Structures are given as structure tokens and as C-alpha cells.
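Per UniProt numbering, the sequence shown runs over residues 1 to 753. Yeah, the Cβ is synthetic: ideal placement off N, Cα and C, and Gly gets one too. On a predicted model such as this, the values are computed, not experimentally measured, just so you know.
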Amino acid sequence: VNCPKDDVSRYCGREDALRKAYLFRGNILIREFPTDALFDVNSIVANVLFALLFNEVKYVETLADLQNIENTLKGKSNMVFAYVPATGTAEHRAVMEAAFAYGTVHQFVLTTEATLLKDAGNDEPDVSSAQLLFCHCQRAMDLAQPCRRTAMEQALTILNIHRHLKLMGAPLVTEVAEDPEKVSTVHLQLGLPLVFILSQKETYEADRRTAEFVAWKLLGKAGVALLSRDLVDKNVLLRSNVALKTPVEGVPIKYLALEDTNEVITLVEDKNKVEQIQEDEEEDEEDEDEKENNNQDIQDDQVVEAVSRDKKRELPLEQILVLTEETFHSALLETARTVVLFYASWEAVSLAVLRSYTEVADHLKGTQGVLLSRVNCWDWPGVCTKENVTQFPTIKIYEKGERSVMYDGMWGTEELTSFIMLSRVSCPLKLATIEEAEEYLRGEFPSELSSYHHTLVLGVFSTATSEAKKAFEEAGNLLSGHVPMGMYLEDDTLALSRKYAVSPPALLLARSGGQSVEGIALSKESTQDMVQMIRYELLDIFPEMTVQNLPRYLELGKPFLILFSDGDIGQMESEEMLKLAKGRPHQGFVACWLNLKKTPVGRGVLKAYFATVPSLPVLVWVNLHAGGQVFKFPAEQSITEVNILSWLEKLKAGLEIPSSTLSEEDWKPPLPAYDFLQMMEMTVPESPVHTSHHPGDTPVQHPPESPGGDSVVQEEPSQEIQAEKIGSPGRDLRGTAPRLAAREKQGKRHSEL
């Protein structure tokens with residue numbers, strides 16, 4: 001308004017009218033400004049928006065005001081805290097324009113007090129330049145917990161603030177479920193790199209914690225993603241735990257082997273670091289190629305590979321008692337049954353079994369009368385020698401320190417748990433009445449069998465069958481923990497024998513919780529024959545073949561008729577195959593099926609048979625014990641008992657041509673075993689090699705190094721393994737990202753051993 005020309009008496013008549021500016025909304029006066037505060041476009045926009053966004057932007061002068069706002073926001077929304085040296089500047093305008101755009105999403109707080117910068121977490125603030133902090137209050141659920149702050153390192157322009165807020169709104173860690181080369185995230189779109197932490201399902205939780213730790217450190221500088229090892233070329237994985245994708249189009253992902261999370265952070269902050277690491281690795285590789293044969297790059301022991309890769313995974317060993325030379329015998333007397341794992345802390349299979357053992361301890365937590373313990377034979381060789389432990393690992397179950405049973409089954413959690421639970425029941429269990437015998441066959445007696453869903457064996461004897469009864473008792477001692485066996489001595493009425501149409505001595509096999517009871521006459525009375533017969537009778541008629549049960553059926557030495565299926569087999573195929581299996585008692589082959597979804601190794605088996613996986617389901621005949629010929633059932637024929645029997649007759653007559661013939665070569669390791677004694681002689685020729693020690697001699701020895709160069713497990717005698725704490729993931733790349741000392745790769749592992 002030009003006051004000399006336009007008489008607007010209400011304002012022009014005031015003494016200071018020429019030094020004022022007025023802000024209206026409609027006809028309502030909102031704010032008066034001194035004109036010296038509106039010195040350029042930036043100051044006008046900044047001050048007008050400051051007035052209009054009174055609720056969206058809080059101005060604070062004291063630390064108490066700032067903390068009060070933080071506390072009201074915790075668990076609800078985030079805060080953008082900005083410091084500007086003075087109002088009306090370009091930085092002030094940028095903050096106000098950002099608040100205009102994002103004020104409904106975040107709470108904006110402004111100050112010109114330099115002291116608040118130091119209180120907000122900046123130890124040495126540059127008070128001459130504006131700064132912006134993003135406060136993650138939404139994640140802080142506890143009032144006592146301060147909000148994490150992420151400073152914006154770029155200059156305060158509207159574009160940089162917008163970019164920073166976009167990055168703060170992105171997921172902390174992205175989980176990648178596709179080819180990493182095709183992944184696109186907010187970070188890549190905004191010109192920032194993306195760091196991949198390689199993961200696997202067994203160590204997912206630890207890898208997730210590592211990724212989150214790195215993501216907080218790199219917030220605003222790079223994105224972090226969790227990448228499953230299944231999605232990456234297997235050749236890359238053996239030597240890598242981290243990958244880096246740059247925003248530059250066409251540049252391939254770089255896979256690296258880093259020692260800890262600090263190196264990941266340095267990798268992003270120092271762009272030259274990637275080239276340096278890759279050059280170091282290439283030099284190492286060239287040196288190794290010169291020194292060693294190419295086949296030394298093969299890691300021929302998958303157990304060593306897995307244990308080395310996951311050696312930083314924390315094992316919950318609290319529920320497993322550590323036994324020493326002093327505590328071993330007293331511990332056996334304290335509990336009805338003591339399970340002891342004898343192992344060596346440097347040996348890979350021992351450490352793999354130790355993992356299964358911790359899972360067993362978790363399953364049996366709170367079980368009365370069972371104590372799980374372990375003895376490190378490297379620390380206490382005297383104990384292991386006295387207990388006749390000749391191999392690692394070994395598991396024995398002791399009953400009140402007296403009789404012991406050695407476990408000789410698979411090392412899986414389910415098998416170990418079943419063995420320990422069955423060992424609690426006497427074998428054979430003597431049943432006094434016919435009621436007890438009936439309850440036993442139904443799986444109701446004793447109570448320990450209530451959770452057991454496999455076949456139960458009951459031996460029925462009379463007073464005249466003492467020899468068979470004695471052999472059955474001895475067989476029970478040998479099968480303790482593997483098979484539940486009951487024994488019933490009938491009186492003259494023979495009520496149980498008549499009910500199941502058998503005459504003593506006989507076996508009753510109760511399948512499916514007593515729904516089906518089968519009677520078998522006992523003709524052989526030697527212990528070994530009885531053990532063999534019981535093991536054979538417990539085999540399923542038409543089993544699903546798995547990695548765990550395959551050895552039991554291979555022992556039979558018979559050809560296999562296998563139905564491969566991608567999932568559960570159809571009802572018609574199941575019924576026809578079951579009729580075929582039942583129709584020929586003690587037949588000359590094993591009829592079985594394999595679920596490729598449950599046992600994926602079956603795909604590899606089919607590729608070995610036919611080069612490619614045929615359409616499923618497919619019925620295959622293979623004789624692994626004679627000739628190795630593989631025959632495929634005609635795809636055009638339906639799988640029925642009649643068609644299969646007709647096809648088998650043609651096979652016997654030599655009228656069918658095999659699809660392939662398996663090699664007769666032995667399955668040997670890809671590399672020869674190490675001759676440690678010869679290596680010792682070559683290394684220290686002047687030192688005599690002692691191949692034996694007198695009992696009681698315990699020469700000072702050091703555990704061999706793991707493939708990565710670190711000791712696999714470092715234990716002090718009679719002490720718990722000191723596991724790394726979950727809460728401090730900033731030291732090493734856990735789980736699937738092990739520290740590879742000096743970045744040594746597979747090639748050096750063999751020479752070091």
C-alpha cells in the first residue's frame with residue numbers, strides 16, 4: 001500500500017506503519033513483521049511460512065522444551081530437529097518449505113540456540129552453519145530411552161532435506177527375494193550404494209541383527225539388504241560374506257570377504273576401499289595358484305565347511321552340564337539317567353553334533369530324571385580313555401552310574417531325542433497282567449511311550465519257552481533306546497495268544513497306536529537272529545525314503561522300486577503300490593517312494609539316472625548292488641499293480657532296455673586323506689614321532705586350526721564355552737558371514753593342515 005496515494009487510515013496513520021508488514025488470512029490479521037526482517041525473497045518466504053505453520057513447527061529455546069516434545073512423540077511419530085544460526089536465511093526457508101510438505105508426517109522443531117546442538121548429541125557443533133537431525137522417536141517405546149538421531153551431512157537445501165527424509169522413511173533392512181542384479185531400492189534411485197549381507201536360514205536371526213547394526217551405522221549413506229545365499233552363484237559364496245551394488249548402471253555387483261562390520265562401514269565411506277580389497281584378493285589368488293595345485297581349492301569336507309562358516313553362531317549351552325575328571329563320576333550318581341556327549345572341541349563333526357545336542361536339550365527341558373552333559377576329550381583324555389571312547393563324537397547313556405548304552409544312530413535332533421526318551425523305558429519291559437499288555441500295545445503304558453508313534457514290539461512267552469525268552473531279553477539289551485520292547489509271560493489260559501492267533505513264543509507288532517496288531521511266530525532263538533528279525537519286521541511295508549532311513553533299506557541288499565513324486569503321491573498310486581508291496585511277503589525288492597519337496601536331494605538322484613529330471617511322478621527300478629542298471633516305467637501306462645507286475649516280468653526276461661547304467665566306481669573323497677605323521681616328519685625332521693603313549697601320559701598338545709585359520713572352539717578345562725553376546729553384533733559378521741582371518745580362501749586350508 002502506498003500510504004501517500006492510498007489513504008488506508010487504519011494502518012497508514014500509525015507512527016511505525018512504514019516499518020511494518022502485515023500478514024492476513026482472509027480479513028483476519030495473523031502477524032505483523034518488521035520490514036527489516038524481510039530483507040530478501042528467502043526471508044519473506046521463511047517468515048511467512050513460520051507464521052502459517054505455527055502448529056507444524058515448534059520453536060524451542062531450552063533443552064527442557066526439546067525433551068518434552070521428544071517424550072510426547074515417543075512411540076507415535078518421528079521428529080525433524082533443525083538449527084539455523086538466524087531466521088530469514090536460505091536454510092531457514094528450506095526447513096520451512098520442508099515442514100510445509102512433510103509437517104503432517106513428522107514433527108518439525110526449530111531453534112537458533114547453539115547450545116541445543118551440543119545437547120542434541122553433537123559434541124563439537126559448528127554453530128556457524130545450519131544443521132538438521134532426524135530423530136527416530138517412533139521406535140522409542142520407553143520414556144527413558146532416548147530417540148536415535150541421524151544427522152544430515154549435506155547442506156540444508158530443500159532438495160537435500162527431501163532426499164534425507166526419503167532415506168529415513170525407507171525400511172532399515174530390505175530382505176531380497178530375487179536376483180540381486182535386478183534389485184532396485186530408494187537408496188539406489190537416490191544415487192547411494194546398496195550393501196548386501198549374505199544370509200542363510202540356519203543363521204537368519206544373527207544375520208538380521210548384523211544387518212540392522214550395519215544399517216544404523218550407514219543410515220543416510222547406503223542401503224542395507226539381507227540376501228539369501230540360495231539366490232547367488234554358488235561359486236561366489238565360498239569366499240564372500242558381503243556384496244556391494246553401486247547406483248551406476250551396468251556395473252556388476254562386487255562380492256567381498258570382509259572381517260567385521262567396521263570394514264563394511266569403511267567400505268561405504270571410503271570408495272577406494274573396494275578396489276583395494278579386490279586387488280588384495282587377486283594378488284592372494286595369484287600367489288596361491290603358483291604355490292598349490294588347482295584341485296586344492298576344493299573343500300572336500302562339507303561338515304568342516306559348514307562348521308567353519310557358522311563358527312560364530314551362538315550355541316545355547318546353558319542346559320548342558322560340563323563334566324571334568326573331578327566331576328564325572330559324582331554327576332553320574334546324581335540322576336537316574338545321565339546322557340554324556342564325548343567330543344573334541346577342535347573336531348568338525350563333534351561341533352556339528354554339539355548343535356543337535358543343544359536342540360535336544362531344549363526339547364527335553366524339564367524332563368525328570370534325565371541330565372544332559374558333555375566331556376571335552378581334548379581337555380580330559382583320561383576320562384574318555386577309561387570310558388572306552390575310541391571315536392569322536394560318542395554319546396552314552398548311564399543309569400545311576402552303572403550300565404551304559406552307546407548311541408549308534410543318526411546325529412539328527414529327532415533321532416537323538418527319541419533314543420534318549422526310549423532309553424528311559426526298560427528294554428524289554430516286563431508286563432505283569434494281560435491288561436498291562438493290552439495298554440502297552442495301544443501305546444498307553446508306560447506313560448513315557450504316549451508320545452511315541454512308531455511300531456511297538458511285544459514278546460509273548462510261556463513257561464516252556466525259556467530259551468526264546470532269554471534270547472529276547474538279550475536282544476532287548478542290544479536294542480535299548482532304538483525299539484520299544486515289552487515282554488509278557490502267559491499263564492496256562494493263553495488268553496493273549498488266542499486273541500491274536502499266535503502260539504508262544506511269538507512277537508506282536510502294534511502299528512499306528514495299536515490300530516493294527518500283527519502276530520509273528522518266533523522260530524529262531526539266537527540273540528543275533530532275533531535282533532535282525534525285529535529290525536527287519538519294523539521296516540515299513542511301503543516306506544517314504546529319506547536321507548535318515550535310506551541306510552536301513554540299503555542294508556537289505558535288494559533292488560529298489562522307487563516312485564519319485566513332487567509332493568505327496570496320489571491316493572490311487574499309493575493304494576496300488578501298497579497292494580504290490582503287501583501282495584508279496586519277503587519279496588525280492590524294496591517298494592518305496594520319495595517326496596522331492598521333502599527330500600530335495602532326490603532331484604540330484606534323478607539327474608544321475610536320466611541326465612535331466614523327467615516329468616513326475618515317475619516309477620524307477622534300480623539295482624544298486626548288482627550292475628547298477630536303471631529302468632524307467634513306461635510313462636504312457638498307468639501305475640497299477642497289474643501293469644507294474646507285467647513290467648517287472650519283462651525286466652526279468654531281459655526284454656526291457658535300461659535308461660542308464662550307474663558307474664561301478666567307488667564313492668571316494670575328491671582328495672586323498674591327510675597323512676599327518678608324514679607331514680610332521682617333513683616339517684620337523686629332527687623330531688622323533690611318538691605313535692603311542694603310555695596310559696596317564698598327557699603330552700602338551702594344541703588344537704589344530706580351523707579352515708579359516710582360527711581355532712574352531714576355544715575352551716578352558718571345566719569351563720563353559722564363552723559364547724558371544726547377542727547384544728553386541730558390531731564386532732564380527734556373525735553366522736553366515738564369518739571372519740576370514742587375513743582373507744584366506746579355500747586353497748590355503750589344505751596346506752595349513
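Coil, strand or helix - H482 by DSSP: coil
task: Check whether the segment 552-570 touches the segment 588-605, counting contact only when three or more Cβ pairs, one atom from each stretch, lie closer than 8 Å.
output: yes
- prompt: What is the rounded straight-line gap between the Cα of A144 and the Cα of L258?
  reply: 36 Å
task: Taking E525 as the reference, give the member of Q587, A468, G557, M421 with the closest Cα.
output: A468
message: Is it the case that the segment 651-666 contacts the segment 624-634, given that we only count it when at least three CB pairs across the two stretches are under 8 Å?
response: yes
task: For T266, count neighbouring Cβ atoms within 10 angstroms of its own Cβ and tell me buried if that reaches 16, exposed if not.
output: exposed
message: For a quick check, are the C-beta atoms of K471 and T417 less than 7 Å apart?
response: First, the amino acid is wrong: residue 471 is Ala here, not Lys. No. Outside cutoff.
field: Where T338 falls: helix, strand or coil (DSSP)
entry: strand
- prompt: Cβ of T465 within 7 Å of Cβ of P504?
  reply: yes
query: Expressed to the nearest angstrom, what Euclidean distance is found between the alpha-carbon atoms of E15 and N47?
result: 23 Å
field: Counted within 10 angstroms of its Cβ, other Cβ atoms place T174 as buried (16 or more) or exposed
entry: buried
message: Which residues does DSSP list as the beta-bridge partners of I161?
response: Its beta-bridge partners do not exist; DSSP assigns none.
task: Answer yes or no: do residue 831 and L190 have a C-beta to C-beta separation smaller than 7 Å?
output: This structure does not reach residue 831, given that the chain is present from 1 up to 753, and the question cannot be answered.
task: Could you tell me the boundaries of the beta strand (DSSP E) in which residue 769 lies?
output: For residue 769 there is no data in the structure shown, the boundaries of the chain being 1 and 753.
- prompt: Which two residues bound the contiguous alpha helix (DSSP H) that contains R309?
  reply: 302-309
message: Once the 5 residues before and after I726 are set aside, which same chain residues still bring their CB inside 6 Å of it?
response: With a pLDDT of 39 at I726, under the threshold of 50, the modelled position of this residue cannot be trusted, and the question is left open.
- request: Can you have a look at Y440 and say buried or exposed, based on whether 16 or more other CB atoms are within 10 angstroms of its CB?
  value: buried
The beta strand (DSSP E) enclosing T394, as first and last residue numbers: 394-399
task: Work out the CA separation of G604 and S615 for me, nearest whole Å.
output: 14 Å
field: Reference A170, options I197, H136, M410, closest by Cα
entry: H136
query: Do three or more CB pairs link the segment 426-433 to the segment 473-480 at distances below 8 Å?
result: yes
field: Alpha carbon of F392 to alpha carbon of A344, nearest angstrom
entry: 7 Å
- prompt: So which of Y407, S77, R229 has the shortest CA-CA distance to F196?
  reply: R229
query: Is the beta carbon of N623 sitting closer than 7 Å to the one on P559?
result: yes
Whole-angstrom distance between W667 and S240, CA atom to CA atom: 29 Å
task: Classify V370 as helix, strand or coil using the three-state DSSP reduction.
output: strand
query: So M572 is in the alpha helix (DSSP H); what residue range does that whole segment cover?
result: 571-583
Contact between the segment 200-218 and the segment 153-162 (3+ Cβ pairs under 8 Å): no
field: Residues that N595 bridges to, as DSSP identifies them
entry: S565
DSSP beta-bridge partners of G223: L194
Assigned secondary structure, N376 (DSSP; H/G/I helix, E/B strand, else coil): strand
Residue environment, V601, which counts as buried when at least 16 other CB atoms sit within 10 Å: exposed
field: Beta-carbon proximity check, V84 vs T115, cutoff 7 Å
entry: no
message: What would DSSP say about K20, mapped onto helix, strand or coil?
response: strand
- request: Assign K291 to one of three DSSP states: helix, strand, or coil.
  value: A caution first: K291 carries a pLDDT of 47, below 50, which makes its placement in the model unreliable, though a value can still be read off. Three-state DSSP puts K291 in a helix.
query: What three-state label does DSSP hand P4 in the structure shown?
result: coil
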